[in-house]
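Residue numbers (the working numbering), protein chains in the order written: chain A, 1 to 608; chain B, 609 to 756.
Comments concern the structure below.
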């Protein structure tokens with residue numbers, strides 16, 4: 001017996017040594033590792049996005065992915081899973097059954113994700129919302145319910161935007177794989193998403209240890225004020241309804257530091273439901289949102305007339321959409337001329353109604369000649385001829401384009417939103433440039449830029465000559481602490497004196513030109529714009545882009561507003577359709593920013 | 609073995625059996641004690657491991673529930689709903705001419721909102737057990753035999 005026990009012990013010892021050190025030791029080690037746990041990708045929670053007052057704009061919730069443990073399937077469960085899911089989620093039974101009947105084990109797959117096809121034929125994992133998942137969980141627990149053995153609902157993070165379409169264009173969205181696109185989600189994707197980790201998750205209890213936490217994504221606090229954003233969106237929607245415009249944008253910025261307070265765009269984008277904005281999709285502009293409109297059929301007719309079939313919808317048009325600014329650009333031409341000292345505010349210009357620059361005849365917007373006018377009059381009546389004269393005869397091409405370059409025209413501003421475009425400005429260095437470009441560029445034709453680019457350039461006039469970089473993030477909050485980006489001055493294209501002088505001229509011209517943009521109790525400077533729309537075969541005579549850019553209160557502005565309406569039908573003119581929108585919004589903005597009217601700025605308590 | 613002992617075992621063979629039985633029982637008891645200790649330790653380890661797994665699941669589930677509730681709360685209080693609720697209660701946005709501005713000496717505006725910090729990461733290295741608890745006999749022997 002002793003001999004037997006000894007032999008057994010020796011055999012065991014030999015086997016131990018063989019397993020540990022023999023030629024098959026690596027294979028045994030692999031087996032041990034495989035059975036000890038499974039590799040799991042730990043994805044940290046994506047960072048939240050807040051507005052400047054702490055209102056949550058983007059956060060995370062849970063959805064469930066339908067996975068199948070193939071070895072637990074049998075004929076009844078295949079049938080029951082396909083039936084239950086097709087009825088609950090309105091999915092094709094045949095497709096589900098085919099996936100469940102496939103012999104996955106023969107190709108070495110023991111766990112699969114059930115998939116569905118979208119309208120474009122792309123295959124996606126089936127995502128199940130919380131309510132449906134709860135029903136499935138209840139059915140799994142029910143002994144009398146369908147046989148769902150093998151079905152496993154795996155929780156997965158889902159990005160949600162609690163405010164719906166509020167600031168949707170600005171936020172961008174996150175796709176099913178957790179990647180951010182457009183706007184803030186696109187620009188700060190890597191920061192928000194953190195760093196996923198792949199770890200071995202033990203399945204044998206004695207091997208279990210606390211799983212590591214992957215580095216979490218940062219939380220962002222935006223410069224956006226939800227109150228102003230909401231007001232801007234309401235005002236824009238009403239303006240679109242009133243003017244029957246195709247689309248539009250409103251930007252509100254603090255010209256002192258470049259903080260974007262609101263960025264509204266129409267048609268609205270709800271990041272919770274972004275599918276229609278993907279390439280090939282057509283956003284449902286507001287047939288549902290525009291339900292208040294009385295003449296819906298008429299709207300559809302005119303919309304189809306306006307819309308270019310090849311035109312893809314632009315997401316975050318505030319930075320990614322380019323347009324010809326028209327007369328709002330004249331403030332930059334006038335700023336350059338005043339700064340260069342080639343004109344003075346009261347200098348007289350005899351307006352004959354037309355001027356020839358580079359063989360191209362330029363006329364005023366109404367074709368009239370205004371006779372002797374000073375520079376304030378040139379801005380007040382928005383005279384193309386006067387501005388073309390200033391650019392061509394007073395400034396000259398070299399100086400004009402040097403100033404435009406200093407204003408950042410044709411360059412990106414570096415605003416922290418994905419998809420910013422640089423716009424386009426042909427200069428004499430460009431082989432396609434002609435002298436006539438100088439004349440047309442002077443009043444904003446033949447030059448394209450993004451709304452945010454115009455805001456940045458004009459901020460130099462509102463901000464004592466210093467051009468600030470528009471930005472959207474106020475704080476980046478990570479595990480290590482809080483980082484607050486500082487104001488970035490992009491440059492000083494004009495002197496402080498010029499900026500103040502031009503602001504005064506614009507305030508005076510606005511007081512005279514139109515009451516549509518004036519605000520009782522506040523001094524406002526601004527400029528209207530009406531631009532033709534360039535197409536493949538020249539300018540489309542039917543449609544315009546009506547806009548207004550203004551800031552206040554002068555001389556210490558705290559807000560700058562750009563209103564832009566594309567293809568308005570009620571009137572083509574910026575002074576008629578865009579200026580009142582500015583006025584309506586500015587009236588609310590001064591309240592939301594707690595800006596007292598001029599008399600109350602004096603230290604007298606109780607001033608109204 | 610001396611001749612007297614051999615004679616004694618011949619006369620009373622039960623003594624040999626008793627001796628053998630005693631030694632076998634001795635070995636068995638030692639083995640049982642070792643096995644018992646091994647089992648007890650492993651049972652506690654398994655129990656602790658099971659608790660870790662359960663607690664991890666609970667933590668994930670609670671994190672999901674918290675995130676879900678946070679999202680629901682934000683949806684319930686989003687600006688559109690708040691505007692609707694304010695409207696239904698008879699409020700309307702104040703016009704600029706309805707507002708009185710007062711200069712209050714010593715008034716300190718509320719501090720700017722600061723977002724909560726995301727949780728600090730706990731990387732794999734921080735959660736790894738000492739090799740003394742996880743290494744195999746072979747690894748221990750290799751380590752022991754390998755000169756530093």
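All residues carry an ideal CB built from backbone N, CA and C; glycine is no exception.
(message) Against chain A, which members of the region 655 to 678 of chain B pass a CB distance test of less than 7 Å?
(response) 657, 658, 660, 661, 664, 672, 675, 676 and 678
(request) Answer with yes or no whether the minimum CB distance from residue 692/B to chain A is below 7 Å. (result) No, residue 692/B does not count as interfacial toward chain A.
(message) Under DSSP, the alpha helix (DSSP H) around residue 683/B begins and ends at which residues?
(response) 622 to 684
(message) Can you tell me whether residue 58/A is helix, strand or coil according to DSSP?
(response) strand
(message) Within a Cβ cutoff of 6 Å, which residues of the same chain sit near residue 287/A, ignoring the five residues on either side of it in sequence?
(response) Caution applies to residue 287/A, whose pLDDT of 42 falls short of 50 and renders its modelled position unreliable; the value that the coordinates give is listed next. Nothing listed; no residue qualifies.
(message) residue 193/A and residue 46/A - do their beta-carbons sit closer together than 7 Å?
(response) Yes. Within cutoff.
(message) On the CB-based measure, 16 or more other CB atoms within 10 Å of its CB, does residue 207/A come out buried or exposed?
(response) buried
(request) Report the rounded CA-to-CA distance for residue 659/A versus residue 264/A, giving the unit in angstroms. (result) What the structure shows of chain A is the stretch from 1 to 608, and residue 659/A is not part of that stretch, so it cannot be assessed.
(message) Please state the DSSP three-state secondary structure of residue 315/A.
(response) Here residue 315/A sits in coil by DSSP.
(request) Enumerate, from N- to C-terminal direction, the unbroken beta strand (DSSP E) stretches of 3 or more residues contained entirely within the region 447 to 490 of chain A. (result) Fully enclosed beta strand (DSSP E) runs of 3 or longer: 473 to 478 and 481 to 483.
(message) Can you give me the C-alpha to C-alpha distance between residue 293/A and residue 542/A, rounded to a whole angstrom?
(response) Note that residue 293/A scores a pLDDT of 41, beneath 50, so its modelled location is shaky; the value from the coordinates is reported in the next line. Near 22 Å, if we compare the C-alpha coordinates of residue 542/A and residue 293/A.
(request) Kindly indicate which three-state DSSP category residue 296/A falls into: helix, strand or coil? (result) Its pLDDT being 43, under 50, residue 296/A is placed unreliably by the model, and the measurement read from it follows with that caveat. In the structure shown, residue 296/A falls within a helical segment according to DSSP collapsed to helix, strand and coil.
(message) Do residue 384/A and residue 362/A have their beta-carbon atoms positioned less than 7 Å apart in this structure?
(response) yes
(request) Look up residue 264/A in the DSSP assignment and give the residues it is bridged to. (result) 250/A
(message) Below 8 Å, how does it come out for the region 247 to 260 of chain A and the region 548 to 568 of chain A: are there three or more Cβ pairs, yes or no?
(response) Counting C-beta pairs closer than 8 Å gives three or more between the region 247 to 260 of chain A and the region 548 to 568 of chain A, which meets the contact rule.
(request) Would you tell me roughly how many angstroms separate the C-alpha atoms of residue 329/A and residue 40/A, rounded to the nearest one? (result) 56 Å
(message) So, under 8 Å CB-CB, residue 525/A and residue 510/A are touching, yes? Tell me the CB distance rounded to an integer number of Å.
(response) The distance from the Cβ of residue 525/A to that of residue 510/A is about 6 Å, consistent with a contact at the 8 Å cut-off.
(message) Let me see if you follow: with CB-CB separation under 7 Å, is residue 257/A close to chain B or not?
(response) no
(request) Using only alpha-carbon positions, find the residue among 425/A, 240/A, 387/A and 437/A that is nearest to residue 569/A. (result) 240/A
(request) Please compile the residues from chain B whose C-beta is within a distance smaller than 8 Å of the C-beta of residue 21/A. (result) 746
(message) Between residue 629/A and chain B, is any beta-carbon pair separated by less than 7 Å?
(response) Nothing can be reported for residue 629/A, as the shown portion of chain A is limited to 1 through 608.
(request) Please list, in chain order, all residues of the same chain as residue 93/A whose beta carbon is under 6 Å from its beta carbon, the five residues on each side excluded. (result) For residue 93/A, same chain residues with a beta-carbon under 6 Å away, outside a window of 5 residues either side, are 82 and 86 in chain order.
(request) Closer than 8 Å by beta-carbon distance: list the chain B residues that pair up with residue 267/A, in chain order. (result) Those within 8 Å of residue 267/A in chain B number zero; the least Cβ separation is about 17 Å.
(request) Measure the Cβ-Cβ separation of residue 161/A and residue 58/A and say whether it is below 7 Å. (result) yes
(request) Provide the residue span of the alpha helix (DSSP H) that contains residue 564/A, from first to last. (result) It is not in any alpha helix (DSSP H) - residue 564/A instead sits in the beta strand (DSSP E) that spans 559 to 566.
(request) Establish whether the CB of residue 623/B and some CB of chain A are separated by less than 7 Å. (result) no
(request) With a threshold of 16 other CB atoms inside 10 Å of the CB of residue 291/A, please say whether the residue is buried or exposed. (result) With a pLDDT of only 41 at residue 291/A, under the threshold of 50, the placement of this residue in the model should not be trusted; the figure read from the coordinates follows. The residue in question, residue 291/A, is exposed, as its Cβ has fewer than 16 Cβ neighbours within 10 Å.
(message) Using CA atoms only, rank isn't needed, just tell me which of 116/A, 323/A and 129/A is closest to residue 563/A.
(response) If we check each option's Cα against that of residue 563/A, 323/A comes out closest.
(request) Check the C-beta distance from residue 271/A over to residue 168/A and give it rounded, since I have them as a contact under 8 Å. (result) 5 Å
(message) Would residue 174/A and residue 185/A qualify as a contact pair, given that the criterion is a beta-carbon distance under 7 Å?
(response) yes
(request) Check whether the Cβ of residue 208/A lies closer than 7 Å to any Cβ atom in chain B. (result) yes
(request) Work out the CA separation of residue 269/A and residue 505/A for me, nearest whole Å. (result) 38 Å
(request) Output the distance between the C-alpha atoms of residue 441/A and residue 462/A, rounded to the nearest integer angstrom. (result) 22 Å
(message) For the pair the region 416 to 423 of chain A and the region 386 to 404 of chain A, tell me if three or more CB-CB distances fall below 8 Å.
(response) no
(request) Work out the CA separation of residue 490/A and residue 108/A for me, nearest whole Å. (result) 58 Å
(message) Measuring straight from C-alpha to C-alpha, what distance separates residue 431/A and residue 197/A?
(response) 52 Å
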